[in-house]
Each structure stands twice: as structure tokens, then as C-alpha cells.
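Residue numbers (this note's numbering): 108 to 260.
For reference, the structure discussed in these notes is given below.
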Amino acid sequence: MISILKVAVGCDHGGLEHKDAIVKHLRERNIEVLDFGIYEAVSVDYPKIAVKVANSIVAGEAELGILVCGTGIGMSLAANKINGIRAAACSEHFSAKYTRLHNNSNILCLGGRVIGVGTAIELVDLFLDTEFEGGRHQRRVDMITELENKKEG
């Protein structure tokens, strides 16, 4: 198990219940949380929340992030537009583990309308407690970074 010091979290209206439960759970694990909202059930444009969480990771304010929307897909699409972010939408255990182990993903995206709160918390724990394996996988992550930084001319 790795020692995570700070996790950034955020959600839209489709993920508020899950986000609140995840924040509570992380604090019970003595993990510091940067909560970028939302805080009440009002409609919000999820890219605005995704950018806040992603930027906090790129800036070194948090080590990893958790984003929750209706499916997890919209948040992952938005977060992945930020250089340095590898966000993965996961709804089962294998993907939540291997996105850290092989892809060194730094944001887990969950679907509040796809999985229950209990499963979401299990996936969060698995994501946070899995270390990047490195080795041959580092070469592949480096290739992703090269694609991300490629300038069209």
C-alpha cells in the first residue's frame, strides 16, 4: 500500500452523493482532501470541475484525483485534455487497479449513475493503494506523454 498524502476530488450533479461519500471515506483514512465541489445538487458543467482537479495535480497540490459524473466518461474526456493528466473512467475492480499499475493514471473517474456508492469506495481504495509498476509500462506512458506534447505544424 502506498502513502497518498493529498487527493483532489470533484463532481457534477450526477456524482454528488458518491463524491460526498468518497470525501468522508478518504478523511477517515487520514488522507487530505481538496474538494473542488459541487456541494449541492445543482446542474453544473462538468468540464469546469474536471479542469480544477486536473490543474491541482499538474501544479503538485494533489498527488491523485477522483472525479465523479453520471458515467465517468465526460469527466475523463475533459480531464485528459490537460497535459500531464491520465484520467480513466472505471466501473469495475480490474480496470481501477490496472489503470494505476500499468498506465500510471493520476485521476480515477467514476459514474454515479453506473455504480453504487459502496463499489465506488472500493474502486477508490484500489486505485489509491496500487503503485505504478514501471518497467516496460514506463516506456508506454512515455509514449503517451510524447503524443500529448506533440506539436502539429
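Glycine included, each C-beta is placed from N, C-alpha and C at the ideal position.
State the Cα-Cα distance for the pair valine 165 and leucine 254, rounded to the nearest angstrom. 17 Å
Quick one: what's got a C-beta closer than 7 Å to leucine 233's C-beta in the same chain, skipping five residues either side? His200, Ala203 and Lys204
Quick one, are the C-beta atoms of alanine 128 and valine 224 less than 8 Å apart? yes
Same chain only: Cβ atoms within 7 Å of glutamate 240, ignoring 5 sequence neighbours per side: Leu208 and His209
Three-state secondary structure (DSSP) of aspartate 152: coil
Answer yes if the stretch 122–142 comes into contact with the stretch 184–198, meaning at least three C-beta pairs across the two stretches below 8 Å, and no otherwise. no
Comparing C-alpha positions only, which one of Val130, Lys159, Gly218 and Ile251 sits nearest to glycine 121? Gly218
Below 8 Å on the Cβ atoms is my guess for glutamate 170 versus leucine 112; work out the distance and round it to an integer in Å. 6 Å
So, under 8 Å CB-CB, cysteine 197 and leucine 230 are touching, yes? Tell me the CB distance rounded to an integer number of Å. 6 Å
Could you name each continuous alpha helix (DSSP H) segment of 4 residues or more that falls completely within the stretch 153–203, going from the start of the chain to the end? 153–165 and 180–186
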